[in-house]
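K.L.:
Residue numbers (the numbering used here): 1 to 362. Beta carbons are placed, not taken as given, at the ideal position from N, Cα and C, and that holds for glycine. Quantities reported herein were computed from a predicted structural model and do not represent experimental measurements.
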């Protein structure tokens, strides 16, 4: 087995290589080609349409398949390319979300290819584009349809940044537009109209006062929240506005389906305004209690927590494929101008995954 220093150097180099391949959402062709080329020769590529890549070791009958999954794209750059290595950190666009996680996956595959260790699980890799965009643009549904191997997985480890915490499930994500209508008039004679802003003030009072709802699932407490994220109204200082549009974000807990989330938000709004649901992403089922997930947690001594955000775990569990979140990235650095990831945390993740796939778990 390589030493900690050697594995850290390799992880840093691979992360920096991935960071320095621009891959803003919808412009990921170059990194998809590069990542596909990093898959070791002993792995079989089962699916590669340029947008999603699925590869695995040879299957052994009766041995469970564990897939390590992550996205290739990043948010837009903020003068943070090219990347660089500073002490224990790789700094640059996408370092924590989630080029570092990809580097760990690929280094694990390279180690399996090089060392051919005795394993207790079969190992696969799933890499895909457009995760930073609305789920409707995800390439994963096409991969689910075309690649039966995905449905064979006993566990998927989505390597989103979690600060090396094993995180179960994820909250669903619903976006909506809430409109308040009135009648325009001259502001000197407001009684000739019906002020949409006044209607909005009255109608939003209940919405913003809805308290967070804690929900415990498999010992993990998620928090359901409704947030007002944008308000637009008015066209001039001397015009009573006839329309106010608000943006509403609803993060719903894994005990609700998408239909139930829609129904709940409509019930909360009632007849206060006109509600239009614009997008819904499902919540993710909690799988941290499953034996393989527990073994993964023990392999790294990882704390277990709920995922109070949306991740592709939801897309896998929606297909009936068990999935959890675990990654070396620091959530506090995601999408920041000074985005960075700790090399020692990546090494911690990689060492734990080596123990996990070989069954060397206490």
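Just the Cα atoms here: how many angstroms apart are residue 346 and residue 61?
P.N.:
The sequence position of residue 346 within the chain shown is 346, counting from 1. The sequence position of residue 61 within the chain shown is 61, counting from 1. Each residue's Cα considered, the two are about 31 Å apart.
K.L.:
What does the alpha-carbon distance come out to for the pair residue 97 and residue 203?
P.N.:
Counting from 1 along the chain shown, the entry for residue 97 is found at position 97. Counting from 1 along the chain shown, the entry for residue 203 is found at position 203. Rounded to the nearest angstrom, the two C-alpha atoms are 38 Å apart.
K.L.:
Do residue 217 and residue 254 have their CB atoms nearer than 9 Å?
P.N.:
Taking the chain shown and counting its residues from 1, one reaches residue 217 at position 217. Taking the chain shown and counting its residues from 1, one reaches residue 254 at position 254. It is a contact, given that the beta carbons lie within the stated cut-off.
K.L.:
Which of the three DSSP states is assigned to residue 184 in this structure?
P.N.:
In the chain shown, residue 184 corresponds to position 184, counting from 1. Reduced to three states, the DSSP call for residue 184 is coil.
K.L.:
For residue 322 and residue 209, I'd like the C-alpha separation in whole angstroms.
P.N.:
On the chain shown, residue 322 is found 322 positions in, with the first residue counted as 1. On the chain shown, residue 209 is found 209 positions in, with the first residue counted as 1. Cα to Cα, the separation comes out at about 35 Å.
K.L.:
May I have the straight-line CA-CA distance separating residue 336 from residue 163, to the nearest angstrom?
P.N.:
The count along the chain shown starts at 1 and reaches residue 336 at position 336. The count along the chain shown starts at 1 and reaches residue 163 at position 163. Each residue's alpha carbon lies about 16 Å from the other.
K.L.:
According to DSSP, is residue 96 helix, strand or coil?
P.N.:
In the chain shown, the residue the question calls residue 96 occupies position 96. Here DSSP, grouped into helix, strand and coil, assigns residue 96 to helix.
K.L.:
Kindly identify the DSSP beta-bridge partner or partners of residue 214.
P.N.:
Working through the chain shown from its first residue, we reach residue 214 at position 214. BP columns for residue 214 point to 223.
K.L.:
Using CA coordinates, which residue listed in 74, 88, 72 and 93 is at the minimum distance from residue 364?
P.N.:
Residue numbering for the chain in the displayed model covers 1 to 362; residue 364 lies beyond these limits and cannot be assessed.
K.L.:
So, using beta-carbon positions, are residue 374 and residue 282 closer together than 9 Å?
P.N.:
With the chain running from 1 to 362 in the structure shown, residue 374 is simply not present.
K.L.:
How far does the alpha helix (DSSP H) with residue 201 in it reach, from first residue to last?
P.N.:
For this step, residue 201 is matched to residue 201 along the chain shown. DSSP places residue 201 inside the alpha helix (DSSP H), whose first and last residues are 196-208.
K.L.:
Who are residue 306's beta bridge partners in DSSP?
P.N.:
Here residue 306 corresponds to residue number 306 of the chain shown, with the count starting at 1. Paired residues: 168.
K.L.:
Rounded to the nearest angstrom, what separates residue 362 and residue 353 at their Cα positions?
P.N.:
Residue mapping note: residue 362 aligns to position 362 of the chain shown, counting from 1. Residue mapping note: residue 353 aligns to position 353 of the chain shown, counting from 1. Going from the Cα of residue 362 to the Cα of residue 353 covers about 13 Å.
K.L.:
With C-beta atoms as the reference, is residue 172 less than 9 Å away from residue 250?
P.N.:
Within the chain shown, residue 172 is the residue found at index 172, counting from 1. Within the chain shown, residue 250 is the residue found at index 250, counting from 1. Against a cut-off of 9 Å, the Cβ pair of residue 250 and residue 172 comes out as a contact.
K.L.:
With DSSP run on the structure shown, which of helix, strand or coil describes residue 62?
P.N.:
The sequence position of residue 62 within the chain shown is 62, counting from 1. Of the three classes helix, strand and coil, the one that applies to residue 62 here is coil, per DSSP.
K.L.:
Work out the CA separation of residue 133 and residue 265 for me, nearest whole Å.
P.N.:
The residue labelled residue 265 in the question sits at position 265 within the chain shown. The residue labelled residue 133 in the question sits at position 133 within the chain shown. Their backbone Cα atoms lie some 23 Å apart in a straight line.
K.L.:
I'd like to check one pair, residue 129 with residue 56: are the Cβ atoms closer than 9 Å?
P.N.:
Indexing the chain shown from 1 puts residue 56 at position 56. Indexing the chain shown from 1 puts residue 129 at position 129. In this structure, residue 129 does not lie closer than 9 Å to residue 56 by Cβ.
K.L.:
Determine whether the beta carbon atoms of residue 99 and residue 225 lie at a separation below 9 Å.
P.N.:
Along the chain shown, read from residue 1 onward, the residue named residue 99 stands at position 99. Along the chain shown, read from residue 1 onward, the residue named residue 225 stands at position 225. Taking 9 Å as the Cβ cut-off, residue 99 and residue 225 do not qualify as a contacting pair.
K.L.:
Compute the Euclidean distance between the alpha carbons of residue 72 and residue 206, then round it to the nearest angstrom.
P.N.:
For the purposes of this step, residue 72 is taken as residue 72 along the chain shown, with counting starting at 1. For the purposes of this step, residue 206 is taken as residue 206 along the chain shown, with counting starting at 1. Taking the straight line joining both Cα atoms gives about 40 Å.
K.L.:
Of all the options 317, 182, 36 and 111, which has the alpha carbon lying nearest to the alpha carbon of residue 257?
P.N.:
If you number the chain shown from 1, residue 257 lands on position 257. Of 317, 182, 36 and 111, the residue nearest in Cα terms is 317.
K.L.:
Looking at residue 245 and residue 177, is the spacing between their C-beta atoms short of 9 Å?
P.N.:
On the chain shown, position 177 is the one that residue 177 refers to. On the chain shown, position 245 is the one that residue 245 refers to. Yes, the Cβ-Cβ distance between residue 177 and residue 245 is below 9 Å.
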